[in-house]
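A short worksheet on the structure shown next.
2 protein chains.
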Amino acid sequence: MTKRYPRVEVDLGKITHNTKKMVDICKSIGVEIVGVNKVTCGSVEVANALIEGGIKIIGESRIEALKGLKDIKAEKMLLRLPMISNAADVVKFSDISLNSEIKTITKLSEESLKIGKKHKIILMIDVGDLREGVFDEEDALKTVEKIIELKGVEFEGLGTNLSCFGGIMPTEENLEKLNRLKTKIEEKFDIKVNTISGGNSSSTHLIQKGKLPNFVNQLRFGTILMLGTVEVNDTRIDDTFIDAYKLKTEIIELKKKPSKPIGTASVDAFGSVPVFEDKGDMIRAICAIGRQDIDLDWMKPIDENIEILGGSSDHIILDLTHTNNNYDIGDVLEFELNYVAILRSMTSQFIYKDYLK
Amino acid sequence: MTKRYPRVEVDLGKITHNTKKMVDICKSIGVEIVGVNKVTCGSVEVANALIEGGIKIIGESRIEALKGLKDIKAEKMLLRLPMISNAADVVKFSDISLNSEIKTITKLSEESLKIGKKHKIILMIDVGDLREGVFDEEDALKTVEKIIELKGVEFEGLGTNLSCFGGIMPTEENLEKLNRLKTKIEEKFDIKVNTISGGNSSSTHLIQKGKLPNFVNQLRFGTILMLGTVEVNDTRIDDTFIDAYKLKTEIIELKKKPSKPIGTASVDAFGSVPVFEDKGDMIRAICAIGRQDIDLDWMKPIDENIEILGGSSDHIILDLTHTNNNYDIGDVLEFELNYVAILRSMTSQFIYKDYLK
Numbered sequence: 001m002t003k004r005y006p007r008v009e010v011d012l013g014k015i016t017h018n019t020k021k022m023v024d025i026c027k028s029i030g031v032e033i034v035g036v037n038k039v040t041c042g043s044v045e046v047a048n049a050l051i052e053g054g055i056k057i058i059g060e061s062r063i064e065a066l067k068g069l070k071d072i073k074a075e076k077m078l079l080r081l082p083m084i085s086n087a088a089d090v091v092k093f094s095d096i097s098l099n100s101e102i103k104t105i106t107k108l109s110e111e112s113l114k115i116g117k118k119h120k121i122i123l124m125i126d127v128g129d130l131r132e133g134v135f136d137e138e139d140a141l142k143t144v145e146k147i148i149e150l151k152g153v154e155f156e157g158l159g160t161n162l163s164c165f166g167g168i169m170p171t172e173e174n175l176e177k178l179n180r181l182k183t184k185i186e187e188k189f190d191i192k193v194n195t196i197s198g199g200n201s202s203s204t205h206l207i208q209k210g211k212l213p214n215f216v217n218q219l220r221f222g223t224i225l226m227l228g229t230v231e232v233n234d235t236r237i238d239d240t241f242i243d244a245y246k247l248k249t250e251i252i253e254l255k256k257k258p259s260k261p262i263g264t265a266s267v268d269a270f271g272s273v274p275v276f277e278d279k280g281d282m283i284r285a286i287c288a289i290g291r292q293d294i295d296l297d298w299m300k301p302i303d304e305n306i307e308i309l310g311g312s313s314d315h316i317i318l319d320l321t322h323t324n325n326n327y328d329i330g331d332v333l334e335f336e337l338n339y340v341a342i343l344r345s346m347t348s349q350f351i352y353k354d355y356l357k
Numbered sequence: 001m002t003k004r005y006p007r008v009e010v011d012l013g014k015i016t017h018n019t020k021k022m023v024d025i026c027k028s029i030g031v032e033i034v035g036v037n038k039v040t041c042g043s044v045e046v047a048n049a050l051i052e053g054g055i056k057i058i059g060e061s062r063i064e065a066l067k068g069l070k071d072i073k074a075e076k077m078l079l080r081l082p083m084i085s086n087a088a089d090v091v092k093f094s095d096i097s098l099n100s101e102i103k104t105i106t107k108l109s110e111e112s113l114k115i116g117k118k119h120k121i122i123l124m125i126d127v128g129d130l131r132e133g134v135f136d137e138e139d140a141l142k143t144v145e146k147i148i149e150l151k152g153v154e155f156e157g158l159g160t161n162l163s164c165f166g167g168i169m170p171t172e173e174n175l176e177k178l179n180r181l182k183t184k185i186e187e188k189f190d191i192k193v194n195t196i197s198g199g200n201s202s203s204t205h206l207i208q209k210g211k212l213p214n215f216v217n218q219l220r221f222g223t224i225l226m227l228g229t230v231e232v233n234d235t236r237i238d239d240t241f242i243d244a245y246k247l248k249t250e251i252i253e254l255k256k257k258p259s260k261p262i263g264t265a266s267v268d269a270f271g272s273v274p275v276f277e278d279k280g281d282m283i284r285a286i287c288a289i290g291r292q293d294i295d296l297d298w299m300k301p302i303d304e305n306i307e308i309l310g311g312s313s314d315h316i317i318l319d320l321t322h323t324n325n326n327y328d329i330g331d332v333l334e335f336e337l338n339y340v341a342i343l344r345s346m347t348s349q350f351i352y353k354d355y356l357k
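Here the protein sequences come in this chain order: Y and L.
Heads up: the first sequence at position 22 corresponds to 22 in full-length UniProt numbering, and the numbers run straight through without jumps.
Heads up: the second sequence at position 294 corresponds to 294 in full-length UniProt numbering, and the numbers run straight through without jumps.
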């Protein structure tokens, strides 16, 4: 059968390899990894590759993605705070969720009781990034007290998220807020706090330095399993693959044209006024993919002599002047994808997905 | 039944109204409108709203979207240059396509002959924006000569695109290149050039000034039908609706917190180092939607006293300090969407679509 384009090839073996690597590292320091699959929009294939790598809990940010994963052999965690309007689905399709509002948790408890389940609650604590989580310690204690009273939910532990909205790095200092609260909860309510879910891939930099506090026993990893890269300090984990996701797309136009647009400039299709340098004539190619499906800043051509010039919703425009390969209309160009480009391409229904074992 | 969130409400009556308005304006100057539906990813409902407004040709940039529109009562135009690998689908699901490469057109002709159809070709001419199109006049004439020889395709006319990649405005001067070529083609090959497809919504600014050249008899309109706005000069067409697309999403967290993140800043989830002003404590809300589904720069809260502070892939964070409304967890906030946010939200499978008659 003819291959269809544009297409993302996902190398499942590479994802399993990366996962095994991180599971081993984390096991040695007493940390369990939640395998965050959200960048794939709920791909069953990738979730299974994570499970094969040793993951026991799969995390997704959208309950619709977890619906599609109902038959995989892992516990399921909803990473984004649940919507009240969606509480019935949350308890049906996930086992654990991250929460910060007692009103929502109360509704989850009601819906759990209806179906005879007990839903696990991780209470999110905001340690400074100012996305989700209870900020005030007294509020946190009051919320835990109420959670314990509810019959349909179980208090599983505390969690936090960093390096997202506010760009705040996880450190021994800000994570200490979780430890303080853990101790207070255990003393005040005479219960054991099972889980301290200390962050996402950005916490890997603490592991690298041997500075992840030992009370943290869970991390929610996506990027690091998919790409082997630690974004906050731009390092890589040894012996991991960065190219598990590859985009292939077809050349639909190839012509020698000027390098600088001719006429009166206004805004482009995305509202910016573009600026161009005059480099004389160049060999320009257009590929059948655009900003609807990918993000130009988060991808690069595998042929290093090709440069991305720009794009619109449906097109990317490339400079092929300096490549040694003799491309023609209908030929396929390949790109390595980074996080945001993976997210966009997995979201777009106009990109074929091909899973390599 | 409970409404599901997040949800985009599309007011089809408003789109039909905007379309009628533009069809009337264009009819009076001898211009036919292609109704560009691509921002909706092939919505049958919106395509029919455009048809009800007087549109006879529906345009999409992806052939997969046209597949889903096979039963609508209009001619179908593929706006993006076809992929050779996809030529069979192109002639099967579209009647007209925009082209610039004879190799692709030859393949379209072959595939057309196989199914006994005649596919119409509009030859794209690059008048300066440097996206798709033949740049050189001699090349254009040679390409037309070859198109005429092919049995499976029909030369329908010339087209151009502006205000996309290079941000070049359509003007009487740059459009004149099409007219010159039209005259040459008609003289040299003794044929009539039926269609001069002179651009997209950005050409509306020429209509406003009464300066659209009279040889232009087709325009491909999307934005102006959906939003009634002329982006290049930031004006609006009288008596049109800008709010045909409305986003509704639920509050999943609502708390008083500081305004400035606390700790050592690095990059956020999208690779930027965010900067924040300290405004003291504020009432912050998180809504269940993020940059996977929308674009923060292309939307605004309908409650004007709410400010968007930022977001990550799955969250938007809002300042509710100054609103007079008494919002709670589970309440629904409304946003007006502009072009890129409409595109993202229609692309996301995690947003419910609700069509209002």
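Built from N, CA and C at the ideal position, the CB exists for glycine as well.
> For threonine 264/L and chain Y, any beta-carbon pair shorter than 8 angstroms?
Replying inline: yes
> Should threonine 40/Y be flagged as near chain L, meaning a C-beta pair shorter than 8 angstroms?
Replying inline: no
>> Below 8 angstroms on the Cβ atoms is my contact criterion, and I expect lysine 248/Y with glutamate 9/Y to pass it. Report the Cβ-Cβ distance as a whole number of Å.
In response: 7 angstroms
>> Quick check on leucine 178/Y: buried or exposed, where buried means 16 or more other Cβ atoms within 10 Å of its Cβ?
In response: buried
> Is there at least one Cβ from chain Y nearer than 8 angstroms to alanine 47/L's Cβ?
Replying inline: no
>> Run through chain L and tell me which residues come within less than 9 angstroms of tyrosine 5/Y, C-beta to C-beta.
In response: Met83, Ser85 and Asn86
>> For glycine 68/Y and serine 348/L, I'd like the C-alpha separation in whole angstroms.
In response: 16 angstroms
> Along chain Y, which residues have their Cβ under 8 angstroms away from the Cβ of methionine 169/L?
Replying inline: Gly263, Thr264, Ala265 and Ser266
>> Tell me the rounded alpha-carbon separation between aspartate 190/Y and asparagine 338/L.
In response: 53 angstroms
> Whose C-beta lies closer than 7 angstroms to the C-beta of arginine 344/L among residues of the same chain, with five residues either side of it excluded?
Replying inline: Asp293, Ile294 and Asp295
> To which residues of the same chain is valine 91/L closer than 7 angstroms at the C-beta, ignoring the five residues directly before and after it?
Replying inline: Leu108, Glu111, Ser112, Ile115, Lys117 and His119
> Excluding the five sequence neighbours on either side, which residues of its own chain have a C-beta within less than 8 angstroms of the C-beta of glycine 166/L, listed in chain order?
Replying inline: Gly128, Asp129, Leu130 and Arg131
> With a cut-off of 8 angstroms, does the C-beta of alanine 288/L fall near any C-beta of chain Y?
Replying inline: yes
> Rounded to a whole number of angstroms, what is the C-alpha to C-alpha distance between leucine 225/L and methionine 22/L?
Replying inline: 7 angstroms
> What does glutamine 292/Y touch in chain A if you count any residue whose Cβ is under 7 angstroms from its own?
Replying inline: Given the protein chain composition of this structure (Y and L), no chain A is represented.
> From this set, Leu158/Y, Ala49/Y and Ala47/Y, which residue's C-alpha is nearest residue 440/Y's C-alpha?
Replying inline: With chain Y covering only 1 through 357, there is no way to say anything about residue 440/Y.
>> With the cut-off set at 8 angstroms, would you say serine 100/L and methionine 124/L are in Cβ contact?
In response: yes
>> Below 8 angstroms on C-beta distance, what does asparagine 174/Y contact in chain L?
In response: Ile262 and Gly263
> The beta strand (DSSP E) with asparagine 99/L in it runs from where to where?
Replying inline: 96 to 99
> What is the DSSP secondary structure of glycine 210/L, reduced to helix, strand or coil?
Replying inline: coil
>> Which of the three DSSP states is assigned to lysine 107/Y in this structure?
In response: helix
> Identify the residues that DSSP records as bridge partners of methionine 77/Y: which are they?
Replying inline: Gly59/Y and Ile96/Y
> Which residue or residues does DSSP assign as beta-bridge partners of histidine 119/Y?
Replying inline: Val153/Y
> Any contact of the region 29 to 48 of chain L with the region 212 to 232 of chain L, i.e. 3+ C-beta pairs under 8 angstroms?
Replying inline: yes
>> What would DSSP say about phenylalanine 189/L, mapped onto helix, strand or coil?
In response: helix
> Rounded to the nearest angstrom, how far is the Cβ of arginine 284/Y from that of aspartate 328/Y, given a contact under 8 angstroms?
Replying inline: So it is not a contact: roughly 14 angstroms between Cβ atoms.
> For threonine 104/L and chain Y, any beta-carbon pair shorter than 8 angstroms?
Replying inline: yes
> If isoleucine 63/Y and aspartate 89/Y are in contact, beta carbons under 8 angstroms, what's the gap, nearest whole angstrom?
Replying inline: 5 angstroms
> If you run the structure through DSSP and keep just helix, strand and coil, what is cysteine 287/L?
Replying inline: strand
> What residue range is occupied by the uninterrupted beta strand (DSSP E) comprising lysine 255/L?
Replying inline: 245 to 257
>> On the DSSP letters alone, give me the boundaries of the beta strand (DSSP E) that isoleucine 84/Y sits inside.
In response: Where isoleucine 84/Y is concerned, there is no enclosing beta strand (DSSP E), given that its DSSP letter is neither H nor E.
>> Quick check on the burial criterion: 16 or more other C-beta atoms within 10 angstroms. Buried or exposed for serine 28/L?
In response: exposed
> Taking buried to mean at least 16 other C-beta atoms within 10 Å of its own C-beta, is glutamate 250/Y buried or exposed?
Replying inline: buried
> For lysine 142/L, does the three-state DSSP call read helix, strand or coil?
Replying inline: helix
>> So, at 8 angstroms on beta carbons, what are the nonlocal neighbours of asparagine 200/Y in its own chain, with the 5 sequence-adjacent residues on each side left out?
In response: Val36, Asn161, Leu162, Ser163, Cys164, Leu219, Arg220, Phe221, Gly222 and Thr223
>> One question on the structure: do isoleucine 252/L and isoleucine 286/L come within less than 8 angstroms of each other, judged by their Cβ atoms?
In response: yes
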